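> Would you mind keeping the following structure in view while I ask a few things?
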Amino acid sequence: MVRSPLALAALATVAVPGLDAFDVRRPAQPGADYDTAVVIDAHRSRWVVRAPQHAAAGAALEAEVVLLAMLAEEAQRGRLPFAVPAPVGFAHLPEGGRAAVHAEIPGDALRLDRLAPGPGLAAALGRAIAAVHELPPAIVENAGLPAYDAGEYRQRRQAEVDEAARTGKVPPALLRRWEERLEDVALWRFRPTVVHGDLTADRVLVRGESVTGLLHWGDACVADPADDLAWLLVAAHPDVTDSIMEAYQLRRTELTDPHLTERALLAGELALARWLLYGVRSQDAEIVADAVAMLEDLDAHTREDADAEPLLA
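According to the working numbering, the sequence shown is numbered sequentially starting from 1330.
Below you can see the structure in the form of structure tokens.
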């Protein structure tokens, strides 16, 4: 069932007493698993309403709601330098579950091509991610979300690589590369932290030189902090990532993780394996073809890097 914007606006008026809907719009990034709309009230305040499309999304939303309430408290205490989409009201759905409404966080989705090295937005982004990783793990555990130790998380990554290998679609040299890194026990000695779990540019809201909000916390867990840095180290310019990592490390307390960057780059590679597996499981030939093409490009790129290493020695 897909709800219209008008139906979502009606749910918002039930969830937030006194909300007088004046206009309603689809969001720029609607996402999956939820019907979402931006409701504008008579005072021009903006509200986001999310209604799960199925039972699994409803269960995930309930866990996320508990986490968001605790994250909002951390933000109020000044431990997070950005806002989170904490719900302020709910409306029960006829089929079960609830729709949640939160005030829209001001800001625009991050544009990586607009990041510049130095003490501006790149540094603010590093500090924002570090602040997440400094949160007490009990916040995630008390919300009933997953918590892994370093050994368990390495085993999860190994299981993903094993499953990807069974598809026969991962280049053999790339598989060997991943196996070597997974077998390197020293690489996986890290202190698990709270992680967002699904950070991408459209999850990060910015205004000027500041990070104003982080969205979509449904994949939060206690795991490897490298995962939240992978997308940046893979996609942003190296000069920018230097500024991000410098600010990140200065914000962290007692950070002793010499292999953080190496694991983050590996996590970026393994994201392609997960994309392949998603395509295989959903029997989507287009996704599988896309994943295979990216894996072949990565294989060629890593081979070029390996060939160049002796020349640089």
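Ideal Cβ positions, reconstructed from N, Cα and C, are used throughout, including at glycine. Please read these numbers as outputs of a predicted model, since none were measured by experiment.
Here's the rule: buried if 16 or more other CB atoms are within 10 angstroms of the residue's CB, otherwise exposed. What is residue 1383?
It counts as exposed.
> Report the start-end ranges of each beta strand (DSSP E) in the region 1401-1466 that is 3 residues or longer and not cut off at the edges.
Whole beta strand (DSSP E) segments, 3+ residues: 1418-1421 and 1427-1432.
> My output table needs one value for residue 1363: the three-state DSSP class, helix, strand or coil.
Residue 1363 falls in the strand class under three-state DSSP.
> To the nearest angstrom, how far is it from the Cα of residue 1569 to the Cα of residue 1451?
Approximately 6 Å between the Cα atoms of the pair.
> For residue 1631, which residues does DSSP report across the bridge?
DSSP lists no partner for residue 1631.
> For residue 1370, does the three-state DSSP call read helix, strand or coil?
DSSP places residue 1370 in strand when its eight states are reduced to three.
> Beta-carbon separation of residue 1462 and residue 1592 under 9 Å?
No.
> Within 10 angstroms of its Cβ, does residue 1640 collect 16 or more other Cβ (buried), or is it exposed?
At residue 1640 the pLDDT is 45, less than 50, meaning the model places this residue with poor confidence; the figure from the coordinates comes in the next sentence. Residue 1640 is exposed by the Cβ-count criterion.
> Any chance you could list the beta strand (DSSP E) runs of at least 3 consecutive residues sitting entirely within the region 1523-1600, in chain order?
Fully enclosed beta strand (DSSP E) runs of 3 or longer: 1533-1536, 1539-1543 and 1550-1552.
> Do residue 1479 and residue 1510 have their C-beta atoms within less than 9 Å of each other?
No, the Cβ-Cβ distance between residue 1479 and residue 1510 is not below 9 Å.
> State the beta-bridge partners of residue 1355 as determined by DSSP.
Answer is none; residue 1355 lacks a bridge partner.
> With a CB to CB cut of under 6 Å and the five nearest residues on each side skipped, what residues in its chain are close to residue 1517?
Excluding residues within five positions, the ones whose Cβ falls inside 6 Å are 1479 and 1483.
> To which residues does DSSP link residue 1376 through a beta bridge?
Answer by DSSP bridge pairing, in chain order: 1368 and 1432.
> Can you look up residue 1346 in the DSSP assignment and give me helix, strand or coil?
Coil.
> Quick one: residues in its chain with C-beta nearer than 7 Å to the C-beta of residue 1332, no 5 flanking neighbours on either side, listed in chain order?
If we look at residue 1332 and ignore the five residues flanking it on each side, its Cβ neighbours are 1364 and 1380.
> So, at 6 Å on beta carbons, what are the nonlocal neighbours of residue 1613 in its own chain, with the 5 sequence-adjacent residues on each side left out?
There are no such residues.
> Rounded to the nearest angstrom, what separates residue 1300 and residue 1373 at their Cα positions?
Not covered by the structure: residue 1300. The range shown for the chain is 1330 to 1642.
> Which class does residue 1472 belong to by DSSP, given the choice of helix, strand or coil?
Residue 1472 falls in the coil class under three-state DSSP.
> To which residues does DSSP link residue 1381 through a beta bridge?
Beta-bridge pairing links residue 1381 to 1363.
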